[in-house]
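Chemist: The opening position of the sequence shown corresponds to residue -15 in the working numbering, with each subsequent residue numbered one higher. Each residue gets a CB set at the ideal place from its N, CA and C atoms; glycine is no exception. Note that the structure is predicted; figures quoted are calculated from it, not measured.
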Amino acid sequence: MKERRERPPRPSLFLRFLGVVERLGNLLPHPATLFALFSVAIVVLSAVAAATGVAATHPGTGEPIRPVSLLTIEGLHRILGKMVYNFTSFAPLGTVLVAMLGIGLAESTGLIRAALKLMVTSAPRRLLTFLVVFSGVLSNMASEIGYVLLVPLAATIFLSVGRHPLAGVAAAFAGVSGGYSANLLLGTIDPLLAGISQEAARIIVPTYEVNPACNYYFMAASTFLIAFAGTWVTERWIVPRLGEYEPQDGGPSERDAACGMEGLSAAEKRGLRWALVAGLVFTGIVLWGAIPSGGFLRNPETAGLLDSPLLTSVVAFILLGALATAIAYGIGAGTIRNDNDVAKGMGKAIETLGTYIVLVFFAAQFVAYFNWSNLGLILAVKGADTLRASGLGDVPLMLAFVLLSASINLAIGSASAKWALMAPIFIPMFMLIGYTPEFVQAAYRIGDSSTNIISPMMSYFALIVALVQRYVPKAGIGTMISLMLPYTLVFLAVWALLLVAWILLGLPVGPGAGMYMPQA
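Structure, rendered in structure tokens:
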């Protein structure tokens, strides 16, 4: 009599849904290819719209808005003649390149690595989880350093103190990726998104400017909210669910982890002291120029901080502050010996942006074509009319937008690629019903961040799965998603509540960035 084999349990409906999302997402081409295809589609759609007589009425001037066909001789000449200009004038390009020069040097000298190690390894055990999540949120100012350094480090630290290493992975990953849009410091993502928002806003107001610090108030408050929420989820759900860790197939043990946890070297400590001094001096100079009523960083005409060099030159301050502390650290730690080391460190950061530059080239063409064809403006007016007719108030409207952003994030992992697609549609649409681009961007960032940790399309998701398999060899994508899903649900809930509170209180989301467009 043959032994009857038991069928493996059927995956839940939700896991089957995520499997479909993963398979469909894997079929998508590279984001640069997507933007190239969308650019071609805009050219074709502009001709179709012009032929069918689609039109709208500008709510400000009352003038008719008609589509402009780019599938003409004049359109071809414009596409060819403006190709280089579209690329070089695309706002996010310059800001990201400049910011990365400083942050890249801070990373290459070892400053960011040493600062994260100091923050996490010196934490009392009862504060360990909070500081891991909090450090993850702060690590976002330095691009991928949180993924490649903090997440593996957190696993080792948790294991060394007798806790399950996957709890450390989950806590760090939740902070780094789930809290991607929260921070106490500005990073490369802030000028990048602001530049895209500015390009989209100029479809409606050609002179509109979006400051890289436009979401700072909301994101700074979000930092502590996400850190506490991530800590609660880890202690309440993740640690009890994982239980005791038992090494499998020769995996790392608690003794191995304890032996591998090395403190800061003498050189790193010296470098951090030098960096601290440089940071204090730089901060003192900035405060000297900003606090006095006649300070040299205030607006020379109004003596105010709004529209002052302090706020309009945020990227420059990111660069100068990062350079000052990174060079000081490098000299103190011995990782910088001459000016060649400085130049190489800055150049190394730019080398990592090759794919981003390719993406920007095609995204810039797409945004330009969308603007030239008037399709963005027509779609915005039609969409705004639909939203007005829906009768939705501020709260349900913005919560629906957050959920839309969160859903799209499951298929397109890149925050900038998604926003380059969504901003030309939603920013003009919301501007026409009275919301500022800055506020719309803040709502987008909530949805984008919250589902990063369960999205197989997120660029570092596979790296985290590989790390998990080091401790639990049989783990897979389903393991990772089920581990991180509680964070996504809690982050969406608490962040949405914070957004609702912001709306009800009418608070600005950043310096000079309110909720509503000023009345003409």
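State the Cα-Cα distance for the pair L29 and E422, rounded to the nearest angstrom.
Modeler: The count along the sequence shown starts at 1 and reaches residue 29 at position 45. The count along the sequence shown starts at 1 and reaches residue 422 at position 438. The alpha-carbon atoms of L29 and E422 are separated by roughly 29 angstroms.
Chemist: Could you give the first and the last residue of the continuous alpha helix (DSSP H) run that contains F385?
Modeler: Stepping through the sequence shown from its first residue, residue 385 is reached at position 401. Start and end: 378 to 392.
Chemist: What runs of the alpha helix (DSSP H), each 4 residues or longer, lie entirely inside the stretch 47 to 121?
Modeler: As far as the stretch 47 to 121 is concerned, its whole alpha helix (DSSP H) runs of at least 4 residues are 57 to 65, 67 to 72, 75 to 93, 95 to 105.
Chemist: Assuming G329 is part of the alpha helix (DSSP H), what are its boundary residues?
Modeler: Counted from its first residue, the sequence shown places residue 329 at position 345. Note, G329: alpha helix (DSSP H), 323 to 335.
Chemist: Determine, using beta carbons only, whether G227 and H148 come nearer to each other than 8 angstroms.
Modeler: By one-based count along the sequence shown, residue 227 stands at place 243. By one-based count along the sequence shown, residue 148 stands at place 164. Yes, they are a contact pair.
Chemist: State the start and end residues of the unbroken alpha helix (DSSP H) segment that holds I210.
Modeler: Working through the sequence shown from its first residue, we reach residue 210 at position 226. I210 -> alpha helix (DSSP H) spans 200 to 217.
Chemist: Would you call the stretch 215 to 226 and the stretch 147 to 162 in contact, with 3 or more CB pairs under 8 angstroms?
Modeler: Flag = yes, the stretch 215 to 226 and the stretch 147 to 162 touch.
Chemist: Looking only at its chain, what residues have a beta carbon closer than 7 angstroms to the beta carbon of T526, apart from the 5 residues adjacent to it on each side?
Modeler: A query on residue 526 cannot be resolved here, the shown segment of the chain reaching from -15 to 504 and no further.
Chemist: Three or more C-beta pairs closer than 8 angstroms, one from the stretch 15 to 22 and one from the stretch 346 to 364: is that the case here?
Modeler: They touch, by the three-pair rule.
Chemist: I'd like to know whether the C-beta atoms of Y201 and P492 end up nearer to each other than 8 angstroms.
Modeler: For the purposes of this step, residue 201 is identified with residue 217 of the sequence shown, where counting begins at 1. For the purposes of this step, residue 492 is identified with residue 508 of the sequence shown, where counting begins at 1. In this structure, P492 lies closer than 8 angstroms to Y201 by Cβ.
Chemist: Threshold first: 4 residues or longer. Then list the alpha helix (DSSP H) segments lying entirely within the stretch 242 to 320, N to C.
Modeler: Counting only runs of 4 or more, we get 250 to 274, 293 to 296, 298 to 317.
Chemist: Return helix, strand or coil for A509, following the three-state DSSP convention.
Modeler: What is shown of the chain runs -15 to 504, which leaves residue 509 out entirely.
Chemist: From I49 to K366, what does the alpha carbon distance come to, in whole angstroms?
Modeler: The count along the sequence shown starts at 1 and reaches residue 49 at position 65. The count along the sequence shown starts at 1 and reaches residue 366 at position 382. Roughly 11 angstroms separates the two Cα atoms.
Chemist: In chain order, what residues of the same chain have a beta carbon less than 7 angstroms from the beta carbon of A204, not counting five sequence neighbours either side?
Modeler: Within the sequence shown, residue 204 is the residue found at index 220, counting from 1. Closer than 7 angstroms at the Cβ level, and outside the excluded window around A204, lie L168.
Chemist: Can you tell me which residues form a DSSP beta bridge with A497?
Modeler: Counting from 1 along the sequence shown, the entry for residue 497 is found at position 513. G494, per the DSSP bridge assignment.
Chemist: Sort out for me which residues DSSP pairs Y419 with in a bridge.
Modeler: Position 435 of the sequence shown, counted from the first residue, corresponds to residue 419. DSSP output for Y419 lists Y500 as bridge partner(s).
Chemist: Could you give the residue range of the alpha helix (DSSP H) that holds A158?
Modeler: For the purposes of this step, residue 158 is identified with residue 174 of the sequence shown, where counting begins at 1. Neither: A158 is in no alpha helix (DSSP H) and is coded neither H nor E.
Chemist: Can you tell me which of the three DSSP states A151 falls into?
Modeler: Residue mapping note: residue 151 aligns to position 167 of the sequence shown, counting from 1. It is helical.
Chemist: Would you kindly report the start and end of the unbroken alpha helix (DSSP H) that includes S144?
Modeler: The residue you call residue 144 lines up with position 160 of the sequence shown. Segment 135 to 144, the alpha helix (DSSP H) holding S144.
Chemist: Excluding five sequence neighbours on each side, which residues of the same chain lie with their C-beta closer than 7 angstroms to the C-beta of P136?
Modeler: Residue mapping note: residue 136 aligns to position 152 of the sequence shown, counting from 1. Answer for P136: L451, listed in chain order.
Chemist: Does the beta-carbon of I173 have 16 or more other beta-carbons within 10 angstroms, so that it is buried, or is it exposed?
Modeler: Here residue 173 corresponds to residue number 189 of the sequence shown, with the count starting at 1. So I173 counts as buried.
Chemist: How many angstroms separate the CA atom of I417 from the CA atom of I411?
Modeler: For this step, residue 417 is matched to residue 433 along the sequence shown. For this step, residue 411 is matched to residue 427 along the sequence shown. Spanning the two alpha carbons is a distance of roughly 10 angstroms.
Chemist: Please determine, among I430, T267, Y500, the residue with the shortest C-alpha to C-alpha distance to S206.
Modeler: As a position in the sequence shown, residue 206 is number 222, starting the count at 1. S206 has its Cα closest to that of I430, out of I430, T267, Y500.
Chemist: Considering only the alpha carbon of each residue, which of F301, R110, G462, M67 lies closest to F266?
Modeler: Here residue 266 is taken as the residue at index 282 of the sequence shown, counted from 1. Minimum Cα distance to F266 is reached at F301.
Chemist: Is it right to say L256 is buried, meaning 16 or more other beta carbons lie within 10 angstroms of its own, or is it exposed?
Modeler: Residue 256 sits at position 272 when you count from the first residue of the sequence shown. L256 should be labelled buried.
Chemist: For G273, which residues of its own chain have a beta-carbon under 6 angstroms away from its beta-carbon, when the five flanking residues on both sides are left out?
Modeler: Here residue 273 refers to the residue found at position 289 when the sequence shown is read from its first residue. Excluding positions up to five away in sequence, the list reads G279, F280, L281.
Chemist: DSSP puts A40 in a beta bridge; with which residues?
Modeler: Here residue 40 refers to the residue found at position 56 of the sequence shown. I49.
Chemist: Would you mind sorting S374 into buried or exposed? The rule is 16 or more other CB atoms within 10 Å of its CB.
Modeler: Within the sequence shown, numbered from 1, the residue matching residue 374 stands at position 390. Its Cβ having fewer than 16 others within 10 Å, S374 is exposed.
Chemist: What do you reckon, are the CB atoms on S123 and V160 nearer than 8 angstroms?
Modeler: Indexing the sequence shown from 1 puts residue 123 at position 139. Indexing the sequence shown from 1 puts residue 160 at position 176. Yes, the Cβ-Cβ distance between S123 and V160 is below 8 angstroms.
Chemist: Would you mind giving the Cβ-Cβ distance between P51 and N324, rounded to the nearest angstrom? I have them listed as a contact below 8 angstroms.
Modeler: What you label residue 51 is simply residue 67 of the sequence shown in a count that begins at 1. What you label residue 324 is simply residue 340 of the sequence shown in a count that begins at 1. The Cβ separation is near 54 angstroms, so there is no contact.
Chemist: Would you call L303 buried or exposed, if buried means 16 or more other Cβ atoms sit within 10 Å of its Cβ?
Modeler: Indexing the sequence shown from 1 puts residue 303 at position 319. Buried, because 16 or more other Cβ atoms sit within 10 Å of the Cβ of L303.
Chemist: Residues in its own chain within less than 6 angstroms of A16 by CB, not counting five upstream and five downstream?
Modeler: Mapped onto the sequence shown, residue 16 falls at position 32. Correct list, in chain order: V342, L343, F346.
Chemist: Could you spell out the range, first to last residue, of the alpha helix (DSSP H) harbouring G163?
Modeler: On the sequence shown, position 179 is the one that residue 163 refers to. Taken as a continuous stretch (DSSP letters only), G163 belongs to no alpha helix (DSSP H), as it is neither H nor E.
Chemist: Suppose you measure from the CA of R239 to the CA of S181; what does that come to, to the nearest Å?
Modeler: Working through the sequence shown from its first residue, we reach residue 239 at position 255. Working through the sequence shown from its first residue, we reach residue 181 at position 197. Caution is warranted here: a pLDDT of 47 is assigned to R239, below 50, making its placement in the model unreliable, and no coordinate value can be reported.
Chemist: Could you check the C-alpha separation between S439 and V449 for me, to the nearest Å?
Modeler: Residue numbering aside, residue 439 sits at position 455 when the sequence shown is read from its first letter. Residue numbering aside, residue 449 sits at position 465 when the sequence shown is read from its first letter. The straight-line gap from Cα to Cα measures roughly 12 angstroms.
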